[in-house]
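Numbering (the working numbering), first residue to last: 1263 to 1862. Idealized CB from N, CA, C, for every residue including glycine. Just so we're clear, the structure is a prediction, and the values are computed from it rather than from any experiment. Since the structure comes first, as structure tokens, the remarks are kept for the end.
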Amino acid sequence: MCGIVGYIGKQDTTKFLLDGLKELEYRGYDSAGIALLNDEKIDVFKALGKLKNLSEKVESAKLSKYEIGIGHTRWATHGKPTELNAHPHLGEYSYVVHNGIIENYKELKEELIKAGHNFVSQTDTEVIVHLFENFQNKLNDTTEAFKNTITKLEGAFSILLISKADPSKIFFFKHGSPLIIAKGNEKGEVLFSSSDAPLIGLSNEVVYLEDGVGGIASADSIEFFSDDYSWSTLPSSKQFAQKDGFRFFMEKEIYEQSSVVSDCMLGRIQDNEISFDEIDESILEGIKEIKICACGTSYHAGLTSSYLFERLSKVKCSIEVASEFRYKEPLLTKDTLFIVISQSGETADTLEALKMAKKAGLKSLVICNVDNSSMTRTADYTILTRAGIEKGVASTKAFSTQATVLWMLALYFAKINDSISSEKLQKELHALREVPKSLIIDDKIHEKTKRLSKRYLHGHGFFFIGRDVFFPLALEGALKLKEISYLHAEGYPSGEMKHGPIALADPELFTIALMPQNLLYDKIKSNVEELSARDSTICSISPLEFELSDDFIKTQKTDHYMLEFFEMLVVLQLFSMEISIRLGNDVDMPRNLAKSVTVE
Ligand code: F6R
């Protein structure tokens, strides 16, 4: 998830680009860059880290006057966060900024290298500009060259491209990631941005581009390649715009899950296997077991995967909370693959656990959202979750992308270990492809959680219960509620109730029961019956109606328990958020918590 801006006009191009990128910095900030074009030349500035580094560079340069420019703030997906990998990317005479992931970049890169193109970065994006120039060199027609380029690309790509071959234009295309084109308030001004915020006050008329729509803009005209667009009016509140119209970043991030999980899977699911650019089969050489270490929500993703690694990959798998692992004098053997999971890559306990494993000579892998973080720099291997920056303190999309990566990894290991039949693998891959759909939020479900939330503001506590992978999901549901509502909630394996916790059951104890149709339904049903018999108030989440529930949230019928898992995850996140809102709490910045826990 990156941010892009573009400008055509006679006002201060550099200022629009830098101000715009500042507004988009929330989309990622590991590097930023701008390319400025006037008739004779293109000037480019790039800097690592926060935008102020780029602004300082630009301020200290003697700038000419430019009437065209493009800019980008990056969240690394392919290639480390370095200046060379920062956008805009250059061919011989053109520059491009890109938001998304080019799935077929490896094949394209090979072809282009054979055709004599030189690549300087590790990114997928660089193929776009070389592809354009390859066509332009043959056709000598920038419009055709751009249209041909688009048809060759697979994956997600919202792009702006400028070229000395046609120096009065910006070529644009939207597919997957958001892109807006706007008529500026001044005559001849055209503006581009990944979201509303940079445009507010500078334009009234915008097109929120649909997937597959592109065109060419200049000071004189905006030409679209198809009729599939319409102009609309821009909202006037900046704060509202940064959250894309949602009330809280947490809400925006819950709604974003479907698209970031698609990004997370891009290029990683092939016809009948999983592949990761970041690792190869040798990762399992000499490995007999997996140990996972993480904290909080990331621990819950890890616990979920421990079921999948044993069930699908047939590898022994254990998991520990990182803060416990550190001081227990663990026995570490070199036939163990050590996996750490972390959104931030900076959590002190997880980082220390990773260092201990490295010191003991174990192979290590981090599943992380932030490239170039302490953990990605320490581990032998990194797989990025590609969730984009997560602003809400309560983690949401980090969890869904971690769970997706870990499920893919379990299938990747299963293939290496030959522990899965091709029929079963096909079924799993089919289900995986459906995950983004299961994360799309049905208005009715959100409405239902909103309505139900008013009945769950009191009581003496919540039990979230589930079995198998729905046990870690229950833990995650309870953690979400605790974090933002400050109500007492516990997650339990539902079979554990009768071993003690059921003593708490009475009408003021709320049980949130995760009752998937495709996994141990009858078993969990009898556990819930036991609670109901003790008068606990039951809210069941299930595709199947359950006569003993006091409240019921109906999920869709599917044929795979993991699809039920993801749909229920969203229900739990919305439920906590709506309770927190009713209680008047600060949803995005709950009391006593911080986004990144870099102290022990
Ligand atoms: C919960 C939450 C925390 C983090 C935990 C680990 O919503 O955000 O529990 O999951 O602090 O953080 P990372 O994943 O950055 O290591």
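Assigned exposure category for G1548 - 16 Cβ within 10 Å defines buried: exposed
Give the straight-line distance between the Cα atoms of I1629 and L1671, rounded to the nearest whole angstrom. 10 Å
Short check: CB of S1279 to CB of G1331, under 7 Å? The sequence shown places Leu at residue 1279, rather than the Ser named in the question. Closer than 7 Å, so yes.
T1335 and R1289 look like a contact to me (Cβ under 8 Å); what is the Cβ gap, rounded to whole Å? 6 Å
Give the C-beta separation of S1420 and G1446 to the nearest angstrom, bearing in mind that I take them to be a contact with Cβ-Cβ under 8 Å. Wrong, their Cβ atoms sit about 20 Å apart, outside the cutoff.
For I1478, which of Q1532, S1494, L1464 and S1425 has the nearest alpha-carbon? S1425
With 16 other Cβ atoms within 10 Å as the buried cut-off, status of W1669: buried
Which parts of the region 1397 to 1476 are runs of the alpha helix (DSSP H), unbroken and 4 residues or longer, counting only runs that do not cross its ends? 1404 to 1414
On the criterion of 16 or more Cβ atoms from any shown chain inside 10 Å, does Q1688 qualify as buried, or is it exposed? exposed
Secondary structure, alpha helix (DSSP H): runs of 4+ residues fully inside the region 1526 to 1590: 1558 to 1570 and 1584 to 1587
Quick check: does the Cβ of S1662 come within less than 6 Å of any heavy atom belonging to the ligand F6R? no
Is it the case that the Cβ atoms of A1563 and Q1605 are separated by a distance below 7 Å? no
Which residues does DSSP pair with F1307 in a beta bridge? I1296
Other residues of its chain near N1300: CB distance less than 7 Å, five sequence neighbours each side excluded: S1326, K1327, Y1328 and E1329
Quick one: is the Cβ of A1338 within less than 6 Å of any heavy atom of the ligand F6R? no
Determine whether the Cβ of S1430 lies closer than 7 Å to any Cβ atom of chain B. Absent from the structure is chain B; it holds one protein chain and no more.
Give the straight-line distance between the Cα atoms of T1820 and L1691, rounded to the nearest whole angstrom. 14 Å
What residue does the alpha helix (DSSP H) around H1360 start on, and which one ends it? Premise fails: H1360 lies in the beta strand (DSSP E), S1356 to I1364, not in any alpha helix (DSSP H).
Is there contact here, the region 1639 to 1646 with the region 1831 to 1849, by at least three beta-carbon pairs under 8 Å? no
Under a three-way DSSP split, which group does F1724 fall into? strand
With a 10 Å radius around its C-beta and 16 neighbouring C-beta atoms as the bar for buried, classify P1734 as buried or exposed. buried
What residues in its chain sit with their C-beta under 6 Å from that of V1359, if we drop five residues either side in the sequence? I1266, I1332, H1334, H1349, P1350 and L1422
Does the beta-carbon of V1602, which I'm using as the reference point, lie nearer than 6 Å to any heavy atom of the ligand GDP? Of the ligands this structure carries, namely the ligand F6R, none is the ligand GDP.
Quick one: what does DSSP say T1666 is sitting in, helix, strand or coil? helix
Using 10 angstroms around the beta-carbon of V1382, count the other beta-carbons present and answer buried if the total reaches 16, otherwise exposed. exposed
Skipping 5 residues on each side, what residues in its chain have a beta carbon closer than 6 Å to that of F1435? I1412, I1421 and G1476
Assign T1871 to one of three DSSP states: helix, strand, or coil. Absent from the model: residue 1871. The displayed extent of the chain is 1263 to 1862, so no value can be given.
Does the region 1789 to 1808 come within contact of the region 1625 to 1640, defined as at least 3 CB pairs closer than 8 Å? no
Please classify D1813: does DSSP put it in a helix, a strand, or coil? strand
With respect to 6 Å, is the separation between the Cβ of A1656 and the closest non-hydrogen atom of the ligand F6R below this value? yes
Below 8 Å on the Cβ atoms is my contact criterion, and I expect D1506 with S1457 to pass it. Report the Cβ-Cβ distance as a whole number of Å. 6 Å
Between the C-alpha atoms of R1695 and D1730, what's the straight-line distance to the nearest angstrom? 22 Å
Kindly indicate the opening and closing residues of the beta strand (DSSP E) around T1773. L1771 to L1776
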